[in-house]
Amino acid sequence: MDVYLPCFYSFIACMAVCLVFNVRGKLIFFTSLGGAIGWFVYLLCRPLQNDIVQFFIATVVITIYSEVMARIHKVPVTGYLLIALLPMVPGGGIYYTMEYCIAGNTQMFLETGLHTLGIAGALALGILLVSSLNRLFGMPRRNKNNR
Amino acid sequence: MNYDDLISAATDVGYLLLRNGAEIYRVEDSMQRIFRAYGVETGEVFAIPTCIFVTITTPEGKSITKIKRLYTRGTDLDKVDQANDLCRRICRTCPDVSSIHAEVEKINRRPVYDFWTQVAAFAMVAFSFTLFYGGTLPDAFCSLFCGAGVKLVNHFMGRFQANAFFTNIVASCVAATIAMLAVQMGFGANLDKIIIGALMNLVPGIVITSFMRDIMGGDLIAGLIRFVESLLVATAIAIGAGIALMVPRLIWGV
Numbered sequence: 001m002d003v004y005l006p007c008f009y010s011f012i013a014c015m016a017v018c019l020v021f022n023v024r025g026k027l028i029f030f031t032s033l034g035g036a037i038g039w040f041v042y043l044l045c046r047p048l049q050n051d052i053v054q055f056f057i058a059t060v061v062i063t064i065y066s067e068v069m070a071r072i073h074k075v076p077v078t079g080y081l082l083i084a085l086l087p088m089v090p091g092g093g094i095y096y097t098m099e100y101c102i103a104g105n106t107q108m109f110l111e112t113g114l115h116t117l118g119i120a121g122a123l124a125l126g127i128l129l130v131s132s133l134n135r136l137f138g139m140p141r142r143n144k145n146n147r
Numbered sequence: 148m149n150y151d152d153l154i155s156a157a158t159d160v161g162y163l164l165l166r167n168g169a170e171i172y173r174v175e176d177s178m179q180r181i182f183r184a185y186g187v188e189t190g191e192v193f194a195i196p197t198c199i200f201v202t203i204t205t206p207e208g209k210s211i212t213k214i215k216r217l218y219t220r221g222t223d224l225d226k227v228d229q230a231n232d233l234c235r236r237i238c239r240t241c242p243d244v245s246s247i248h249a250e251v252e253k254i255n256r257r258p259v260y261d262f263w264t265q266v267a268a269f270a271m272v273a274f275s276f277t278l279f280y281g282g283t284l285p286d287a288f289c290s291l292f293c294g295a296g297v298k299l300v301n302h303f304m305g306r307f308q309a310n311a312f313f314t315n316i317v318a319s320c321v322a323a324t325i326a327m328l329a330v331q332m333g334f335g336a337n338l339d340k341i342i343i344g345a346l347m348n349l350v351p352g353i354v355i356t357s358f359m360r361d362i363m364g365g366d367l368i369a370g371l372i373r374f375v376e377s378l379l380v381a382t383a384i385a386i387g388a389g390i391a392l393m394v395p396r397l398i399w400g401v
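Here the protein sequences come in this chain order: P and E.
Following our numbering, the numbering of the first sequence begins with 1 at its first residue and continues without gaps.
Following our numbering, the numbering of the second sequence begins with 148 at its first residue and continues without gaps.
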């Protein structure tokens, strides 16, 4: 059970972030739940042994969750997505990259830096995939300009 | 129909959205919808994170243009939410254009969490992310103070209107310094976990997400601006924490 404890921490972290970004009412709960679900999925995918793929799948799940929740509560999807994705952001990666840089460990600096970029890319790709699919099947947006 | 008023009202709504962290396509789309609700089919809107350009052509064939610069931006999701609602309401009911300004003002005056709640929120973010990244409970308590420090620095630098880059350097430097003191005095064990937790308050997670969504919506320039912004923030964080870690190493060889 201890393995899944970070999901709870990520829930609390997201709640605090909600206060920072002035989210109000019941949205606080649902947004934070998104953060917890995301990390749960990340942990579920551990057998894959590849954290970039894990991050990608978790991002896809969070984005789908956010799009659905935004439809249900009739609010812009941005809020959900911004906050629920925060635990995925490679804050640790940025820090360790910097630390290796100071220590003069070029080999590890490059390796960690590239890995951090990879994670950021996985997040971006996950959002990209779901948002694009959503747009394909959802409302066509800029058609009015092409009439 | 007074088209000058219409364009002002639409720009007010767009400004409100963009200022509080909405995506570019939402800003452009909302403004276009407002124009169409009032029967102007020729509205052209171009928004980037720092500016809104808008032009409409009146039925008499006269063009009206407005440019609105944004100097400060923040993230206030409650206001984005309300502005979005306002926009839908305008499109549905087409109220008198002059009343829109008052509505926008009303949203602007909506409450934000007070200062000390926000300090507590920053501290909680640091606390829970330290645990999240595998720190121990004592580490997390040290991190509380680092997180609060970040918010206080942000607040006081904001008063002097320091630029975001410098603010981030100082904030992350302060967070790292507090963390090092705490570890030196034996309150915490894992320096890296404490600092990472505190710095999660600053990481450009928001910007990474919105830059991808902007690019996806075809707003390439806006996306690039946000991408550069996220790189700058990440660099500033690294520089700040780097200074704090390096100086003691140079002086005392810790």
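We put the beta carbon where it would ideally sit given N, CA and C, even for glycine.
* For F200 of chain E: DSSP bridge partner residues -> The partner list for F200 of chain E (beta bridge, DSSP) reads E:F193 and E:I214.
* To do: Flag N50 of chain P as yes if its beta-carbon sits less than 8 Å from any beta-carbon of chain E, otherwise no.
  => So, not an interface residue.
* To do: Determine whether the Cβ of L217 of chain E lies closer than 8 Å to any Cβ atom of chain P.
  => By this cut-off, L217 of chain E is not an interface position.
* Check distances from the C-beta atoms of the segment 367-382 of chain E to those of chain P and list, in chain order, the residues that come in under 7 Å. => Those residues of the segment 367-382 of chain E that come within reach of chain P (Cβ to Cβ, closer than 7 Å) are A381.
* Go through the segment 92-135 of chain P residue by residue and report every complete run of the alpha helix (DSSP H) that reaches 4 residues or more, in order. => Entirely contained in the segment 92-135 of chain P, not one alpha helix (DSSP H) run reaches 4 residues.
* To do: Tell me, please, whether the segment 285-301 of chain E touches the segment 261-276 of chain E by the rule of three or more beta-carbon pairs shorter than 8 Å.
  => The answer is yes - the segment 261-276 of chain E touches the segment 285-301 of chain E, with three or more Cβ pairs under 8 Å.
* CA-to-CA distance, M332 of chain E to M359 of chain E, given in whole angstroms -> Each residue's Cα considered, the two are about 43 Å apart.
* To do: Classify L21 of chain P as helix, strand or coil using the three-state DSSP reduction.
  => Note that residue 21 of chain P corresponds to Phe in the displayed sequence, not to Leu. Here F21 of chain P sits in coil by DSSP.
* **Span separating the alpha-carbon of A122 of chain P from that of C241 of chain E** => Those two C-alpha atoms are separated by around 43 Å.
* **G305 of chain E at chain P interface by Cβ criterion, 8 Å** => For G305 of chain E, the closest Cβ of chain P is not nearer than 8 Å.
* Are any of the Cβ atoms in chain P nearer than 8 Å to that of L299 of chain E? -> False, the Cβ-Cβ gap to chain P never drops below 8 Å.
* Closest to R235 of chain E by CA distance: which of E:T197, E:I386 and E:Q179 is it? -> The option with the nearest alpha carbon to R235 of chain E is E:Q179.
* Any idea what DSSP makes of L349 of chain E, helix, strand or coil? -> L349 of chain E falls in the coil class under three-state DSSP.
* Asked: Would L338 of chain E be called buried (16 or more neighbouring beta carbons within 10 Å of its own) or exposed?
  -> Residue burial annotation: L338 of chain E is buried, with at least 16 other C-beta atoms found within 10 angstroms of its C-beta.
* **Per-residue DSSP class, three states only, for M148 of chain E** => In the structure shown, M148 of chain E adopts coil according to DSSP, grouped into three states.
* Asked: For T314 of chain E, which of helix, strand or coil comes out of DSSP?
  -> DSSP places T314 of chain E in the helix class (H, G or I) of the three-state scheme.
* Asked: Counting contacts by CB-CB distance shorter than 8 Å, is I384 of chain E in contact with chain P?
  -> Yes, contact with chain P.
* In chain P, which residues lie less than 8 Å from Q265 of chain E when you measure between Cβ atoms? -> For Q265 of chain E, the chain P residues whose C-beta falls within less than 8 Å of its own C-beta are L19 and V20, listed in chain order.
* With a 10 Å radius around its C-beta and 16 neighbouring C-beta atoms as the bar for buried, classify I214 of chain E as buried or exposed. => The residue in question, I214 of chain E, is exposed, as its Cβ has fewer than 16 Cβ neighbours within 10 Å.
* How many whole angstroms separate the CB atoms of F312 of chain E and L379 of chain E, which I take to be in contact at a CB cut-off of 8 Å? -> Rounded to the nearest angstrom, the Cβ distance from F312 of chain E to L379 of chain E is 6 Å, consistent with a contact under 8 Å.
* Asked: Buried or exposed: where does T314 of chain E fall if 16 or more other Cβ atoms within 10 Å of its Cβ makes it buried?
  -> Classified as buried, T314 of chain E has 16 or more neighbouring CB atoms from the shown chains inside 10 Å of its CB.
* Are the segment 114-130 of chain P and the segment 183-201 of chain E touching by the rule of at least three beta carbon pairs closer than 8 Å? -> With contact defined as three or more Cβ pairs closer than 8 Å, the segment 114-130 of chain P and the segment 183-201 of chain E are not in contact.
* Asked: In chain E, which residues lie less than 8 Å from I37 of chain P when you measure between Cβ atoms?
  -> Among the residues of chain E, none has a CB under 8 Å from the CB of I37 of chain P; the nearest is roughly 15 Å distant.
* Got a sec: is the Cβ-Cβ distance from A70 of chain P to anything in chain E below 8 Å? -> Chain E has no Cβ within less than 8 Å of the Cβ of A70 of chain P.
* **CA nearest to the CA of S66 of chain P, picked from P:I52, P:Q49, P:A36 and P:Y95** => Ranking P:I52, P:Q49, P:A36 and P:Y95 by CA distance to the CA of S66 of chain P puts P:A36 first.
* Listed by chain order, chain P residues near I339 of chain E by CB distance under 9 Å -> Correcting the residue type first, residue 339 of chain E is Asp in the shown sequence and not Ile. At a beta-carbon threshold of 9 Å, the residues of chain P lying near D339 of chain E are G92, Y95, Y96 and E99, ordered along the chain.
* **DSSP state of R256 of chain E mapped onto helix, strand, coil** => In the three-state DSSP reduction, R256 of chain E falls in the coil class, being neither helix nor strand.
* Compare the C-alpha of A230 of chain E against each of E:T189, E:S319, E:T158 and E:M148 and name the closest. => Comparing Cα positions, the closest option is E:T158.
* **Assigned exposure category for S319 of chain E - 16 Cβ within 10 Å defines buried** => It is buried - the Cβ of S319 of chain E has at least 16 other Cβ atoms within 10 Å.
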